[in-house]
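Engineer: Residue numbers (my numbering): 567 to 666.
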């Protein structure tokens, strides 16, 4: 399993951002094999964690036309800076059972 860690400095969020973010989450989960997607914004910091079964799933998601358009809007309007990290999870355990 892989995790994509997206961190951003928020410039300006608007109604279009909310609609786009909801669509991207739904698309990732329903059509691209994303196992879990969690995002939070506090002040001018945003972080999103998404979990994927393979790097191929992540690449397909990254290259999807709607996602590319959302990335462009993020760069041009919503974020002043961002970073993306992809890591393979070597161990996964918790105090309760989660279904991924």
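Every residue gets a Cβ at the ideal spot worked out from N, C-alpha and C, and that includes glycine. Computed from a predicted model, the values in this text were never measured in an experiment.
Going along the chain, which unbroken runs of the alpha helix (DSSP H) with 4 or more residues stay wholly within the region 573 to 602?
Structural biologist: Runs of the alpha helix (DSSP H) inside the region 573 to 602: 581 to 597.
Engineer: Would you mind sorting residue 642 into buried or exposed? The rule is 16 or more other CB atoms within 10 Å of its CB.
Structural biologist: Numbered from its first residue, the chain shown carries residue 642 at position 76. By the 10 Å Cβ count, residue 642 comes out exposed.
Engineer: Short check: CB of residue 603 to CB of residue 593, under 8 Å?
Structural biologist: Within the chain shown, numbered from 1, the residue matching residue 603 stands at position 37. Within the chain shown, numbered from 1, the residue matching residue 593 stands at position 27. Not a contact, by the Cβ cut-off of 8 Å.
Engineer: What is the rounded straight-line gap between the Cα of residue 621 and the Cα of residue 632?
Structural biologist: Against the chain shown, residue 621 aligns to sequence position 55. Against the chain shown, residue 632 aligns to sequence position 66. Roughly 19 Å between the two C-alpha positions.
Engineer: Determine the direct distance from the alpha carbon of residue 612 to that of residue 574, and round the result to whole angstroms.
Structural biologist: Counting from 1 along the chain shown, the entry for residue 574 is found at position 8. Counting from 1 along the chain shown, the entry for residue 612 is found at position 46. Taking the straight line joining both Cα atoms gives about 5 Å.
Engineer: Could you tell me whether any non-hydrogen atom of the ligand GDP is closer than 7 Å to the CB of residue 645?
Structural biologist: Among the components modelled here there is no ligand, and therefore nothing to report on the ligand GDP.
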